[in-house]
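In what follows, a single structure is set out as structure tokens and then discussed.
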Amino acid sequence: MKLVSPGEAAANTNDMSDKAGEDLVRIGEMAKKYGVTLRTLRFYEDKGLLNPQRDGSTRLYTRRDKARLKLILLGRKVGFSLRDVKQMMDLYDPTGSNTKQLRLTLDKSEKQLARLRKQRALIDDAINELSNSMAAVRQMLSERSAPQASVAG
Numbered sequence: 001m002k003l004v005s006p007g008e009a010a011a012n013t014n015d016m017s018d019k020a021g022e023d024l025v026r027i028g029e030m031a032k033k034y035g036v037t038l039r040t041l042r043f044y045e046d047k048g049l050l051n052p053q054r055d056g057s058t059r060l061y062t063r064r065d066k067a068r069l070k071l072i073l074l075g076r077k078v079g080f081s082l083r084d085v086k087q088m089m090d091l092y093d094p095t096g097s098n099t100k101q102l103r104l105t106l107d108k109s110e111k112q113l114a115r116l117r118k119q120r121a122l123i124d125d126a127i128n129e130l131s132n133s134m135a136a137v138r139q140m141l142s143e144r145s146a147p148q149a150s151v152a153g
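Counted from 1, the sequence shown has number 24 at position 24 by full-length UniProt numbering; the numbering is strictly sequential.
Encoded structure:
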């Protein structure tokens, strides 16, 4: 999976959303394509993470919305809160250098990576403890099963 910065993912999307030839996607198609529920998309809209166009009551998602949803899902996958994801995405400025956004993203990413590494260490310890306990139980079981097998034979 190629990691794309929020700036690259959403670049030029403000101008693109009004182009006549742009592919607009309805909520059901969007949900199916990205493996999320309709409720999830509505929730992200309610939280200001997505801003689909409206045609009456129909939500129409633009390329910008698709890029933002990819970033939301990537952020959630690596453990960022929706607040963090929104904060990072909202700093995007299509006309600027986005150094503030990039610094914030790097800072949050470094902190999240440290949290994930700590969690992995705790999980590794738990796996080792459980494996050792299972080995002890197997040993006890084999010791108790062996005499019964010889008596029955």
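Using N, Cα and C, we set each Cβ at its ideal position, and we do this for glycine too.
The alpha helix (DSSP H) enclosing residue i, as first and last residue numbers
i: Y44; result: L38 to D46
i: G28; result: I27 to Y34
C-alpha gap between residue i and residue j, whole angstroms
i: E22; j: R63; result: 8 Å
i: S81; j: I72; result: 9 Å
i: N98; j: R115; result: 26 Å
i: D124; j: R138; result: 21 Å
i: Q53; j: K118; result: 42 Å
i: Q112; j: K100; result: 18 Å
i: A135; j: L122; result: 20 Å
i: T58; j: N128; result: 52 Å
i: E29; j: A126; result: 41 Å
i: G35; j: R83; result: 21 Å
i: R120; j: G56; result: 48 Å
i: L41; j: K77; result: 16 Å
i: S133; j: A146; result: 20 Å
i: L130; j: M140; result: 15 Å
i: L104; j: E110; result: 10 Å
i: L106; j: E143; result: 55 Å
i: D46; j: D93; result: 22 Å
Residue of the options minimising C-alpha distance to residue i
i: M88; options: A126, R68 and N128; result: R68
i: N51; options: Q101, K33, I27 and A126; result: I27
i: Y44; options: S57, Q101, Y61 and D107; result: Y61
i: L102; options: A136, L91 and E29; result: L91
i: G79; options: D65, K108 and P94; result: K108
i: G48; options: D65, S145 and T105; result: D65
i: K70; options: K33, D46, T105 and L106; result: K33
N- and C-terminal bounds of the beta strand (DSSP E) containing residue i
i: Y92; result: No beta strand (DSSP E) contains Y92, which DSSP labels as neither H nor E.
i: L60; result: T58 to Y61
Integer Cβ distance of residue i from residue j, believed to fall under 8 Å
i: G75; j: V85; result: 4 Å
i: A31; j: L38; result: 5 Å
Bridge partner(s) assigned by DSSP for residue i
i: Q53; result: L60
Contact with chain B by residue i, beta-carbon distance below 8 Å
i: Q87; result: Structure shown: chain B not included; a single protein chain is present.
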